[in-house]
Each structure stands twice: as C-alpha cells, then as structure tokens.
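Protein chains in written order, with this note's numbering: chain A, 1 to 254; chain B, 1 to 204.
All C-beta atoms in this analysis are idealised placements derived from N, C-alpha and C, irrespective of residue type, glycine included.
The structure presented is a predicted model; accordingly, all values stated were derived computationally and were not measured.
Taking it in order: structure first as structure tokens, then the write-up.
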Amino acid sequence: MSLAHRIIPCLDTDGERVVKGVNFVNLRDAGDPAALSARYNIEGADELVVLDIAASRDHRPTFLETIRRVAAELAIPLTAGGGVANVEEGRAILRAGADKLTVNTAALRSPALLTELAAEFGSQAVVLAIDAKRVGDRWEAFVRGGSVPTGMDAVAWARQGVDCGAGEILITSMDKDGTRSGFDCPLTAAISRAVSVPVIASGGADTPETFLEVFREGRADAALAASIFHDSIQGLGALKHFLGERGVSVRQTG
Amino acid sequence: MNIALLEYGAGNLPSVERALTRLGVQSRRAATAEALVSCDALILPGVGHFGALMRSLGERSLIAPVREAVSRGTPLLGICLGLQAMFAASEEAPGDAGLALFPQKVSALPPVDRLPHMGWNQLRRARPSKLLEGVSEDAYFYFAHSYAALDAGEAGVAFCDHCASFVAVLEQENVFATQFHPEKSGPVGAQILSNFVRHAGDKA
Numbered sequence: 001m002s003l004a005h006r007i008i009p010c011l012d013t014d015g016e017r018v019v020k021g022v023n024f025v026n027l028r029d030a031g032d033p034a035a036l037s038a039r040y041n042i043e044g045a046d047e048l049v050v051l052d053i054a055a056s057r058d059h060r061p062t063f064l065e066t067i068r069r070v071a072a073e074l075a076i077p078l079t080a081g082g083g084v085a086n087v088e089e090g091r092a093i094l095r096a097g098a099d100k101l102t103v104n105t106a107a108l109r110s111p112a113l114l115t116e117l118a119a120e121f122g123s124q125a126v127v128l129a130i131d132a133k134r135v136g137d138r139w140e141a142f143v144r145g146g147s148v149p150t151g152m153d154a155v156a157w158a159r160q161g162v163d164c165g166a167g168e169i170l171i172t173s174m175d176k177d178g179t180r181s182g183f184d185c186p187l188t189a190a191i192s193r194a195v196s197v198p199v200i201a202s203g204g205a206d207t208p209e210t211f212l213e214v215f216r217e218g219r220a221d222a223a224l225a226a227s228i229f230h231d232s233i234q235g236l237g238a239l240k241h242f243l244g245e246r247g248v249s250v251r252q253t254g
Numbered sequence: 001m002n003i004a005l006l007e008y009g010a011g012n013l014p015s016v017e018r019a020l021t022r023l024g025v026q027s028r029r030a031a032t033a034e035a036l037v038s039c040d041a042l043i044l045p046g047v048g049h050f051g052a053l054m055r056s057l058g059e060r061s062l063i064a065p066v067r068e069a070v071s072r073g074t075p076l077l078g079i080c081l082g083l084q085a086m087f088a089a090s091e092e093a094p095g096d097a098g099l100a101l102f103p104q105k106v107s108a109l110p111p112v113d114r115l116p117h118m119g120w121n122q123l124r125r126a127r128p129s130k131l132l133e134g135v136s137e138d139a140y141f142y143f144a145h146s147y148a149a150l151d152a153g154e155a156g157v158a159f160c161d162h163c164a165s166f167v168a169v170l171e172q173e174n175v176f177a178t179q180f181h182p183e184k185s186g187p188v189g190a191q192i193l194s195n196f197v198r199h200a201g202d203k204a
C-alpha cells in the first residue's frame, strides 16, 4: 500500500478553447475543454489541470465558465489557474469548481500571496507553478507565460514558496516543453530534493519510458502532459499498465 | 428521501452535490437548525482549516443542531475535514473545540514523507464496513490533507498509511466519515456515497 504516482492531463486554454504550442509559442486550437475532460475522467486520469494561459482580465469570466463546465464532467480532482493575483481571484476559481489553484507570476512578485492563499484555503489547495529554464549551471524561474526572466533560482524559489505556504510544486521545464524529448529529470529531481511537498513534473512528456524516468530519476510524485493525450498519441490506460508492470505504484482503472 | 448538505461555506459542497446528482440522488443545502430537524440524512463536507470550519459552524449556530441530529439517530456522513470536525479537538487549531462526537484528538501527520498527503491511496480494513460494501480491497481513494485522526477506537473501520497509520473510514451507529474525498474518487467514490444513501434510506 502506497501513494500512487499521478498522471495528470493538462488543458492549456485561451480561457475558452484548449490551445497548444511549442516552447510557449505558436499556439493552435486543440479542442473543447469540457469534452476532453469528460474523456480523461473516464480513461483514468488521476487529476486534471486547466490553465488560462492568456490570463487577461477581460477573459476571466469566460475562464470561470470554462472551469464550471470542466468541473461538471469530473469525478476526480481539478486544479485551475492562470493570472491569479489575489485571494478574491483564487476564491472565484475554487468557487467555480476547482479543488486547487495554481499561482505563478503574482507569487514571485509577492511571496506573501502564497501565505494569504494558504491561510484562506489551506496549503493543500495552493499549487506553486514554476516555469524554469536552464541558464548556465542552474535553472532560472521565468514569469508571464515564460516570457520574462526573473533572475531567481528555480530551486531556491521552490523552497521559499513552500516555506510561504505552497502545498505542491508544478515544475515546468521550458527547455523541454512541447518538444516530446522526455521530462527534465535533473531539474525535477533538484526541486523534489529541495522541498517536502509533492512535485508535479511538466514539459517534454513522450513515451511511457519518459514517465518511468521522471518517476524514478526525477523523483516526481506526479507527471503532467498535454498534447500526447489530446492527440491520442498515448492512452492513459496503456501508460498506467506500462508503469504498473515496472513496479511504479499507479491507480489502475478499468 | 431528504438528504441535506450542511451549507457553511465548504469549498467542496458543489462537488458533493454534483456527485450525488450523478447517482440520481436529490439533495438540498441546509444552513439553519430548522433545516437539520427535517432531514433524513446529513452530509458534512469540508476542506481547509479545522478552526475555520468550527468557527463557521459556530457563527451559524449549527454546532448544537448537528449534535442533536446525531443524537436523534439521523445518519451523518463527514468528508475530509468533516471527519476531523467530529473529534474533540485538533492540533491544527488548539483553541477551537470540535463537534466531539468522538473523544480523541486530530493530529498533525509526522513529516516523515511528503506532506500534504496528496493523491490516490489504498486502505487497510480493520472491521466490517457499510460504506465499503462492494468496494474492491485494492481500490484507490483521493486524499488531500496534512492532519488526521490516528485513532477512533472501535469506530475506525479502515486505515491508511502515509507518514503514520490514520483513520480513513469511520463508522459508529449512525455516524459515518471518510478522510478521503468520495466525490473526487471516481467510480469507487460514487460507490461510497451510494452505500451511505442506501443505508440512510434503510433507517429513514
């Protein structure tokens, strides 16, 4: 008996439709979030992440409606975020049906936001999302959808974020994102060793072997992927079967 | 049957409501003492902080009515923080008394593994359970918490191991509770809710 490693499909949306791109650019339409969510709920996803990567204030009501539509399809946990800058915006996302929310840019600007969110909703509802890129011999945290460098060391930021109240870290490798060349295991392992909370690895998912690597070498508690699931390149059931056969604890379904 | 969801601001109330709807079970939200008197079964959802939950119930004058409903024999299901609220106190909020349906105290899980305990885990069964009827022994349930009841005497019917052994399913007469979230635990979670509703119906 042990905690299962989670497989988490991620829906990057423009608030309304699922979009996808490579290295955070060249976005294109990839479907209806509620329809995809219904599919993943049945196929055995352990959790779902829905992000508003446009995160513009004008579109916020649209994104909240998207969360409601997605939540209605799910009997599994839902994490949502994108542009959350204060407690009220966090509350709106949770009220719309999310169980956890992600924060990124605003937390780096003001780490106290993590403390406020944790005090209000509990650490278990606060996921610190970090977009990291290799710079020399370390990883640097980027904000605003990966467009702005912060000069902040990603591992140090993860540690600080947890001290401030984050209950989980979602680490995205910008070098790997959209490349289908495998997760960034050294980055994920560095974050995982630095913090006491669960770590979700993101960016670079491809074959079942890449998931095995990020659970073993990357010491990830969960692995997130988008296009390989959206495009049906990898089935959730087959992936979990592969991992289970190799001794990784996973929740088998169906 | 009249199933009431205790409305005091719990974030997971709509999820529980949706899960019941999927089972074809109608529920209504109950926010007053009067509404608790007329219900056949009561669900106490919960997520967040022990102190915040108890203060929220206190501000709405719901603590005594919940205890009275339990005394009358009304079936009660507590979920996650709703389970913890059934105990006398919690290390999470030393100044706030719980519903005290059970005399033990809720503890912080020792940090020997990752916390919060977040994700899908299996159960270890200790006693026969009504909630777990028809549920496979190796089924996984969704947990998200850092505090837990380590002991509930004879009421602890199933346990989970993460950082420590803790009560995952609690049953005593008309009182039921799960530390995991049945409303987020896929088909097996639906089975738990269905078992509660069925058992509550037998009593009504």
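Buried versus exposed call for residue i [16 or more other C-beta atoms within 10 Å across all chains shown]
i	result
A:M1	exposed
B:Q122	buried
B:L6	buried
A:A71	buried
B:T21	exposed
A:Q160	buried
B:E68	exposed
A:Q234	buried
A:Q252	exposed
A:R69	buried
A:V18	buried
A:G136	exposed
Same chain, Cβ closer than 8 Å to residue i, neighbours up to 5 away in sequence not counted
i	result
B:G134	Q191, N195
A:L64	A92, I93, A96
A:R180	G204, A205, D206, S227, I228
A:T102	V49, L51, T79, A80, G81, G82, V84, V127, L128, A129, L170
Within 7 Å, strictly: CB atoms of residue i and residue j
i	j	result
B:L36	B:P65	yes
A:A272	A:I67	Residue 272 of chain A lies beyond the residue range present for chain A, which begins at 1 and ends at 254; the question has no answer from this structure.
B:M86	B:D40	no
A:A226	A:V214	no
A:H230	A:A30	yes
A:G182	A:G204	yes
B:P110	B:C163	yes
A:A45	A:L236	yes
A:V153	A:F142	Val is not the amino acid found at residue 153 of chain A; the sequence shown has Asp there. Not closer than 7 Å, so no.
B:V25	B:V197	yes
A:V162	A:H5	no
A:G146	A:M174	yes
A:L108	A:G90	no
B:A144	B:Q172	no
B:G193	B:A19	The sequence given here places Leu at residue 193 of chain B; Gly does not occur at that position. Yes; because the gap between Cβ atoms is below 7 Å, this pair is in contact.
Minimum C-alpha distance to residue i - residue among the options
i	options	result
A:T207	A:E168, A:T150, A:L239	A:L239
B:E183	B:A155, B:R72, B:C80, B:G51	B:C80
B:A205	B:V16, B:F102, B:D113, B:A4	It is not possible to answer for residue 205 of chain B, since the shown part of chain B is limited to 1 through 204.
B:G78	B:G189, B:L193, B:F176, B:D202	B:F176
A:T172	A:V199, A:V87, A:G165	A:V199
B:A200	B:S27, B:P14, B:F102	B:S27
A:R216	A:G247, A:R109, A:G15	A:G247
A:G178	A:C164, A:D32, A:L224	A:L224
A:G122	B:L23, B:T74, B:V47	B:V47
B:S38	B:Q172, B:R198, B:P75	B:P75
B:L42	B:G24, B:G82, B:P187	B:G82
B:N227	B:L23, B:P45, B:Q104	Summary: the structure shown does not reach residue 227 of chain B, with chain B confined to residues 1 through 204, and so no result is reported for it.
A:T13	A:V197, A:K176, A:H59, A:A220	A:H59
A:N176	A:A166, A:D137, A:K133	One detail in the question is off: residue 176 of chain A reads as Lys in this sequence, not Asn. Checked all of A:A166, A:D137, A:K133; the closest Cα to A:K176 is A:K133.
B:F166	B:P103, B:H117, B:L101	B:H117
B:I63	B:E137, B:L101, B:S136	B:L101
B:G153	B:M54, B:Y140, B:Q104, B:T178	B:Q104
A:S232	A:E43, A:R28, A:L3	A:E43
Close-in-space but distant-in-sequence residues of the same chain around residue i (CB under 6 Å, 5 per side omitted)
i	result
A:A125	K100
B:G51	A93, D96
B:V106	Q84, F87, S90, Y147, A149
B:Y142	W120, F180, H181, K184, S185
A:C10	V49, L224, A226
A:G15	D52, A54, H59, T62, F63
Residues near residue i in its chain [Cβ-Cβ closer than 7 Å; skip 5 each side]
i	result
A:V155	W139, A190, I191, A194
A:A106	V84, A85, L113
A:L74	S37, N41, L48
B:S56	Y8, G9
B:A158	L123, R124, R125, A126, S129, L132, A168, V169
A:L212	L243, R246, V248
Practice item. Taking only beta carbons into account, state which residues of the stretch 9–27 of chain B come closer than 8 Å to chain A, listed in chain order. Key: G11, N12, P14, S15, R18, A19, R22
Point to revise | Residues of the stretch 45–58 of chain B with Cβ closer than 8 Å to any Cβ of chain A, in chain order | key: V47, G48, H49
Practice item. Check distances from the C-beta atoms of the stretch 73–87 of chain A to those of chain B and list, in chain order, the residues that come in under 9 Å. Key: L74, A75, I76, P77, L78
Exercise for review: Using a Cβ-Cβ cut-off of less than 7 Å, list which residues of the stretch 189–221 of chain A approach chain B; keep chain order.
Suggested key: S196, V197, P198, D221
**Study point:** Positions along the stretch 96–127 of chain B whose CB lies within less than 9 Å of some CB in chain A
**Key:** P111, D113, R114, L115, P116, H117, M118, G119, W120, N121, Q122, L123, R124
Point to revise | Short-range partners of chain B found in the stretch 121–144 of chain A, where Cβ spacing is below 8 Å | key: F121, G122, S123, Q124, A125
Practice item. Please list the residues of the stretch 170–191 of chain B that have a C-beta atom closer than 8 Å to any C-beta atom in chain A, keeping them in chain order. Key: Legend: CB atoms of the stretch 170–191 of chain B lying less than 8 Å from CB atoms of chain A belong to residues H181, E183, K184, S185, G186, P187, G189, A190.
Practice item. Mind checking the stretch 156–167 of chain A against chain B and listing, in chain order, the residues whose C-beta falls within less than 9 Å of any C-beta there? Key: G167
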